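Step one of this worksheet: look at the structure below.
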Amino acid sequence: MDYARHPACLYRSCGQRRNGLDATLARWNQRGGGQVHEQILCGVAMNAGAPVDVLLRLLAVEAQACWEALCTERDLPPELVDAVLAHPDSKVRRRIGFNPYLDPAQRARLLDDPEPKTAASLVRGPRNWPVGTSPRPLPDDALRRLLAAPPVVFMTPGELLDELTFTRFARHTVKVAAGHPLPEVRARACGYHRILPDQLWSALQHDPDPEVRAAAAEVIAHDAHLVQPSEMAPYRGHYHWQLLQARRLSRAVLDQLTTGNDLNDLAFLALNPYLPPDVVELLVSHPDEGVRGAAAQRDDLTADQLARLAADPAESVRISVSTHPALSESERAAIAVDCWPRDSFDRLNPGPMPEPAVSIAHAYSVNPLLRRSAAREPGLPQAVAARLAEDPDPGVRVRLALCHPAPPPALLLRCYLEYDRPDRLHLTTRPGFPVIGLARFARDPDPAVRLLALLDPEVPEDVVEGFLSDPDDQVAKAAIAHPRLPAERLRELLDGAQVPYAALNPALDAATLHGLLDAAGVPRR
């Protein structure tokens, strides 16, 4: 059997697109609703089983209502990518830059567009990374080309780098910029030295180009400057708090802050790596547990301060200090914690990763927060991953399930059944998710668990048909788009109000899909 046409594979794919169709129809409803034929076009555009010749018809101007869905909300076969990039309308071509399903190298082909500004969509890239996708940066060569010739009018290469640092790939982009052929780009990268590896920052300080060396020297001088009261922002905001946690502050500024009553200011100040010991002690001893908890994250705490924080009356402070690198495992084990924080992991924003060796060491820690951190490391040895798969902490298990390239199938299903956070559905798209036998969940009271039954490649047709009347809207729509829905019921739905979701069904043959496009007035090629 061609696995790409396997019912479970097709359903999993069309399930992701069903969510996209929901979003598309919701946008239309906000604008007053779209014509039914436009909704049908979107359903066909996102149909996982639609052949290329059907999808190519959707590039006609008569089908422009579905261009967003077609070009940005599904993976595209190579022939369709070629056709989109050759389309005469730049509004079609630029949508490729926002597609999270495409390989970044395919999106980068926009750099060769005859209209340079079309490539501007690459600057921001995909707006969302839906279920089944993972953030992937543009190839390094594409980033270098983008920085060398910004597609945005009136934007210099340095300004474009600033813009790119607001994406989730800031660290990677700055690394590429630090080795860029243009001195202007390397000079601008100096301003982001805090997120550069030491080796690259050292190379910029000794760059052969005087412009780059001057930029590095200016950054060093800026960092060494003591901020005076007159230089503080007159209002509370991002710039103000950035000064508090990242700049060297004069004694006058420190005195103003520590004698004030703004707890937010003190919590940000507690993260500042340049504080003198007396200010650190003041923050560690502060009556507010939020301030003490922030101070507990400092690397320069003394043994006495660590001991006091480890015995702090507030559990939040004890939890905060429990991951401190200066503590031994026996000291961590002695910290009293009744309830560890509930898991709040976001696979799209996993946070900075430590070195792999550090993660491996953390995997054996008595502290569940350190084990959670370790479970994010995709390069864990199999024996370490197997250990974490049986961890008693659910946050550890779900991180491993979401991040490891080959998580145990039993772990994936267990996490899906136990987890109720936004990444739950993504677990079903991970390699090895077990689908055989999932039909047993068809009568589960939890609609998210009932959905599992539809991933079973052998789910009975009567179960799928029964789900059409499920009280949960998501389950009912999933049944409409399922390839094992009886053919006669699918034909009925194509003539009813649910036709946009029926058009998603990958069991529809090419003749039926072409007929839907004919009825919508889309010309044959």
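Going by the working numbering, the sequence shown opens with residue 77, and the numbers climb by one from there. Ideal Cβ positions, reconstructed from N, Cα and C, are used throughout, including at glycine. Values in this document were obtained by computation on a predicted structure and should not be read as measured data.
What residue range is occupied by the uninterrupted alpha helix (DSSP H) comprising Asp-217?
Here the question's residue 217 lines up with position 141 in the sequence shown. Start and end: 216-224.
My assumption, with CB atoms under 8 angstroms, is that Val-288 sits in contact with Pro-259. Please give the rounded CB distance.
Residue numbering aside, residue 288 sits at position 212 when the sequence shown is read from its first letter. Residue numbering aside, residue 259 sits at position 183 when the sequence shown is read from its first letter. Right, their Cβ atoms sit about 5 angstroms apart.
So, with DSSP's three-state summary, where would you put Leu-589?
Locating residue 589 in the sequence shown gives position 513, where the first residue counts as 1. Correct three-state label for Leu-589: helix.
Measuring only the C-alpha atoms, how far is Gln-106 from Val-207?
Along the sequence shown, one-based indexing puts residue 106 at 30. Along the sequence shown, one-based indexing puts residue 207 at 131. Any reading at Gln-106 needs caution, since the residue's pLDDT is 47, under 50, leaving its predicted position unreliable; the model's value is listed next. Approximately 24 angstroms, taken between the alpha carbons.
Going by DSSP, what residues sit across from Val-70 in a beta bridge?
The shown model of the chain, from 77 to 601, leaves out residue 70, and the question about it has no answer.
Tell me which same chain residues have a C-beta within less than 8 angstroms of the C-beta of Ala-552, skipping the five on either side of it?
In the sequence shown, counting from the first residue as 1, residue 552 sits at position 476. Phe-543, Leu-544, Ser-545, Asp-546, listed in sequence order.
On a Cα-Cα basis, can you pick out the residue from Arg-169, Ala-557, Leu-489 that is closest to Thr-505?
Here residue 505 refers to the residue found at position 429 when the sequence shown is read from its first residue. Thr-505 has its Cα closest to that of Leu-489, out of Arg-169, Ala-557, Leu-489.
Taking Val-367 and Ala-346 to be in contact with their CB atoms under 8 angstroms, please state how far apart those CB atoms are, rounded to whole angstroms.
As a working note, residue 367 is residue 291 in the sequence shown. As a working note, residue 346 is residue 270 in the sequence shown. That belief holds up - the Cβ atoms of Val-367 and Ala-346 are roughly 6 angstroms apart, short of 8 angstroms.
Can the beta-carbon of Leu-222 be found closer than 8 angstroms to that of Lys-251?
Here residue 222 refers to the residue found at position 146 of the sequence shown. Here residue 251 refers to the residue found at position 175 of the sequence shown. Contact flag unset, no.
Closer than 8 angstroms by C-beta to Ala-379: which residues in its own chain qualify, once you throw out the five before and the five after it? Chain order, please.
Here residue 379 refers to the residue found at position 303 of the sequence shown. Ala-402, listed in sequence order.
On the three-pair Cβ rule with 8 angstroms, is the region 186-200 touching the region 225-242?
Taking 8 angstroms as the limit for Cβ pairs, the verdict is that the region 225-242 does touch the region 186-200.
Asp-549: buried (16+ other C-beta within 10 angstroms of its C-beta) or exposed?
Counting from one through the sequence shown, the residue named residue 549 turns up at place 473. Counting Cβ neighbours within 10 Å, Asp-549 comes out exposed, since fewer than 16 surround it.
Excluding the five sequence neighbours on either side, which residues of its own chain have a C-beta within less than 6 angstroms of the C-beta of Ala-555, listed in chain order?
Against the sequence shown, residue 555 aligns to sequence position 479. Within the same chain, Ala-555 has close Cβ partners Val-540, Phe-543, Leu-544.
For a minimum of 4 consecutive residues, which ranges assigned as the alpha helix (DSSP H) are wholly contained in the region 108-141?
Those alpha helix (DSSP H) runs which fall completely within the region 108-141 and span 4+ residues are 112-121, 128-133.
Starting from the Cα of Asn-425, find the closest Cα among Asp-585, Arg-452, Ala-518 and give me that residue.
On the sequence shown, position 349 is the one that residue 425 refers to. That would be Arg-452, whose Cα lies nearest to the Cα of Asn-425.
Taking only runs that begin and end inside the region 260-311, name each unbroken beta strand (DSSP E) of 3 or more residues, in chain order.
Segments of the beta strand (DSSP E) lying fully in the region 260-311: there are none.
What does the alpha-carbon distance come out to for the pair Arg-244 and Ser-392?
Mapped onto the sequence shown, residue 244 falls at position 168. Mapped onto the sequence shown, residue 392 falls at position 316. C-alpha separation (whole angstroms): 29 angstroms.
Tell me whether Leu-530 sits in a helix, a strand or coil according to DSSP, three-state version.
Working through the sequence shown from its first residue, we reach residue 530 at position 454. Looking at Leu-530 - three-state DSSP - the assignment turns out to be coil, as it is neither helix nor strand.
What first and last residue would you give for the alpha helix (DSSP H) that runs through Val-598?
The residue given as residue 598 occupies position 522 in the sequence shown. Here Val-598 belongs to no alpha helix (DSSP H), and DSSP marks it neither H nor E.
I need the boundaries of the alpha helix (DSSP H) containing Gln-332, first residue and last residue.
Here residue 332 refers to the residue found at position 256 when the sequence shown is read from its first residue. Annotation for Gln-332: the continuous alpha helix (DSSP H) segment containing it runs 327-334.
Beta-carbon within less than 6 angstroms of Leu-131's beta-carbon, same chain only, minus the 5 sequence neighbours each way: which residues are those?
In the sequence shown, counting from the first residue as 1, residue 131 sits at position 55. Excluding sequence neighbours, Leu-131 sits near Leu-156.
Pull up the CB-CB distance for His-400 and Leu-382, whole angstroms please, since I reckon it's below 8 angstroms.
Looking up residue 400 in the sequence shown gives position 324. Looking up residue 382 in the sequence shown gives position 306. About 6 angstroms separates the two Cβ atoms, so the contact holds.
What does the alpha-carbon distance come out to for the pair Gly-108 and Glu-114?
As a working note, residue 108 is residue 32 in the sequence shown. As a working note, residue 114 is residue 38 in the sequence shown. At Gly-108, the pLDDT of 43 sits below 50, so the modelled position is not reliable; the number obtained from the coordinates is stated separately. The alpha-carbon atoms of Gly-108 and Glu-114 are separated by roughly 13 angstroms.
Return the CA-CA distance between Leu-101 and Glu-466, expressed in angstroms with no decimal places.
In the sequence shown, the residue the question calls residue 101 occupies position 25. In the sequence shown, the residue the question calls residue 466 occupies position 390. Note that Leu-101 has pLDDT 48, beneath the 50 cutoff, so the model's placement of it is unreliable and the number below is only indicative. Approximately 42 angstroms, taken between the alpha carbons.
Does the beta carbon of Ala-450 come closer than 8 angstroms to any beta carbon on chain E?
Protein chain content of the structure displayed is limited to a single chain, and chain E is not contained in it.
I'd like to check one pair, Ser-435 with Leu-456: are the Cβ atoms closer than 8 angstroms?
On the sequence shown, residue 456 is found 380 positions in, with the first residue counted as 1. On the sequence shown, residue 435 is found 359 positions in, with the first residue counted as 1. Going by C-beta atoms, Leu-456 is nearer than 8 angstroms to Ser-435.
Thinking C-beta only, is Leu-514 closer than 8 angstroms to Leu-531?
For this step, residue 531 is matched to residue 455 along the sequence shown. For this step, residue 514 is matched to residue 438 along the sequence shown. A distance below 8 angstroms separates the beta carbons of Leu-531 and Leu-514.
Taking only runs of the alpha helix (DSSP H) that begin and end inside the region 408-481, which ones reach a length of at least 4 residues, in chain order?
432-438, 444-451, 458-465, 470-479
Is Leu-593 near Val-120, with beta carbons less than 8 angstroms apart?
Here residue 593 refers to the residue found at position 517 when the sequence shown is read from its first residue. Here residue 120 refers to the residue found at position 44 when the sequence shown is read from its first residue. Yes, the Cβ-Cβ distance between Leu-593 and Val-120 is below 8 angstroms.
Beta-carbon within less than 8 angstroms of Asp-481's beta-carbon, same chain only, minus the 5 sequence neighbours each way: which residues are those?
By one-based count along the sequence shown, residue 481 stands at place 405. The amino acid occupying residue 481 in the given sequence is Pro; Asp does not appear at that position. Closer than 8 angstroms at Cβ, skipping near neighbours: Pro-454, Pro-507.
May I ask you to verify whether the region 307-326 touches the region 288-297, counting CB pairs closer than 8 angstroms and requiring at least 3?
When Cβ pairs closer than 8 angstroms are counted between the two stretches, the region 307-326 is seen not to touch the region 288-297, the count staying below three.
At the level of alpha carbons, what is the spacing between Leu-501 and Val-474?
Translated into positions along the sequence shown, residue 501 becomes position 425. Translated into positions along the sequence shown, residue 474 becomes position 398. Distance between the alpha carbons of Leu-501 and Val-474: 12 angstroms.
Enumerate in chain order the residues of its own chain whose CB-to-CB distance from Arg-103 is below 6 angstroms, with the five nearest sequence positions on each side excluded.
Numbered from its first residue, the sequence shown carries residue 103 at position 27. Note on Arg-103: pLDDT 49, under 50, position unreliable in the model; no value is reported.
Quick one: residues in its chain with C-beta nearer than 8 angstroms to the C-beta of Asp-216, no 5 flanking neighbours on either side, listed in chain order?
Counting from 1 along the sequence shown, the entry for residue 216 is found at position 140. Apart from sequence neighbours up to five positions away, the residues of its chain that approach Asp-216 with a beta-carbon distance below 8 angstroms are Val-252, ordered along the chain.
Closest by CA to Asp-285, which one among Arg-133, Ser-210, Ala-254?
Taking the first residue of the sequence shown as position 1, residue 285 is located at position 209. The residue with the shortest Cα to Cα distance from Asp-285 is Ala-254.
At what residues does the alpha helix (DSSP H) containing Ser-396 begin and finish?
Translated into positions along the sequence shown, residue 396 becomes position 320. Element bounds for Ser-396: 391-397.
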